[in-house]
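Accompanying notes for the structure given below.
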C-alpha cells in the first residue's frame with residue numbers, strides 16, 4: 001500500500017495540524033513482516049519555505065505504520081507534497097524515493113507505468129540530454145517527471161518563474177499519452193497511476209489510479225477546530241476567517257477508501273472522478289477537468 005498527498009493553503013503555521021486532523025486517513029500500515037511478499041515502506045516529503053525547496057526522504061522505515069502527520073508535524077509551509085512508497089520499480093535508496101525535484105518543481109507518483117521494462121530506454125532517450133543528465137534513480141516515476149519537464153521545455157515554459165496552469169495540464173496530458181502510446185506498441189495497457197506535482201505556486205494532480213479525494217479547511221470554524229486551545233495561534237484570531245487549506249490525497253484501498261469510511265469522515269472528503277486532472281490554487285476550490 002502507498003499514499004500520495006499534497007497540501008496547499010494560506011497558513012503555514014497550520015500545515016501540521018491539518019495533517020494531524022486526518023491522521024487516520026493518511027497513515028499507511030506496513031505489510032505483516034511474516035508475509036513473504038511484504039515490502040518495506042519508505043517515505044518522503046518536499047515543501048516550500050522562505051523561497052527554498054526543502055526535502056526529507058527516508059527510503060526505508062521499519063515502523064509498523066507510516067504516520068504522515070508525525071513525519072511532518074514540525075513543518076511550517078503553505079505547500080507540501082508527500083509520498084509513502086511501497087517500492088515496485090527501483091531499489092530502496094534515497095535517489096528512488098519520492099518526491100523528485102528539478103529546480104522549483106516537485107513530483108511524486110503512485111502506481112507503475114505499463115510495460116515499463118520494455119519502454120524504459122525509449123522513454124529515457126526521449127528526454128533532452130541536458131535534462132536526462134539530472135536523472136539519478138531507477139524509477140519509472142522519475143523518468144515520467146522528466147518526460148513532463150521535456151514537454152514544458154518544448155513549449156518554451158521550462159524557465160518560467162510561474163507556469164500557467166493550462167501549460168502544466170497540457171504537459172501532463174502529453175506525458176501520459178506518450179507513455180500509453182509506447183506501451184500500446186508492445187501490447188501494454190494504459191498506465192494506472194496517480195501523479196502530484198507543484199511549481200511552488202499551485203498543486204496539480206493526475207488521477208488515473210487508486211481512489212483520490214480532497215478535503216477543504218476554510219473559515220473560522222475549521223480554524224478553531226484545528227487550533228483548539230493553543231493561545232499562541234489564537235492570537236491571530238482576526239486572520240482565522242480567511243484561512244483556506246486544501247488537502248489532496250490518493251491511493252485509498254478497499255479497506256481505507258473514502259466511500260467505505262464513516263459518515264463523519266466521508267462528509268468531509270470529496271471523491272475525485274476517474275481520469276481527471278486537478279488544479280489547486282491558493283484560496284480556491286480544486287478545479288477538476290477530464291483527462
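Numbering (the working numbering), first residue to last: 1 to 291.
Ideal Cβ positions, reconstructed from N, Cα and C, are used throughout, including at glycine.
Note that the coordinates shown come from a computational prediction; the quantities given were computed from them, not determined experimentally.
Query: Spatial distance of residue 178 from residue 224 (CA atoms); Result: 46 Å
Query: The segment 139-158 / the segment 92-107 touching (three or more Cβ pairs under 8 Å); Result: yes
Query: Own chain residues within Cβ distance below 6 Å of residue 173, not counting five before or after; Result: none
Query: Alpha-carbon spacing of residue 202 relative to residue 282, whole angstroms; Result: 7 Å
Query: Within the segment 161-235, ranges of the beta strand (DSSP E) (whole runs, at least 3 residues); Result: 192-198, 202-207 and 211-218
Query: CB contact flag (residue 65, residue 110, <7 Å); Result: no
Query: Pairwise C-alpha distance: residue 251 and residue 268; Result: 17 Å
Query: With 16 other Cβ atoms within 10 Å as the buried cut-off, status of residue 273; Result: exposed
Query: With 16 other Cβ atoms within 10 Å as the buried cut-off, status of residue 136; Result: exposed
Query: Residue of 228, 221 and 231 minimising C-alpha distance to residue 243; Result: 221
Query: At least 3 beta-carbon pairs within less than 8 Å: the segment 91-100 vs the segment 127-144; Result: yes
Query: Whether residue 18 touches residue 162 by CB criterion (7 Å); Result: no
Query: Start-to-end residues for the alpha helix (DSSP H) that takes in residue 108; Result: Counting along the chain, residue 108 falls outside any alpha helix (DSSP H), though it belongs to the beta strand (DSSP E) covering 105-112.
Query: Backbone secondary structure at residue 61 - three-state DSSP; Result: strand
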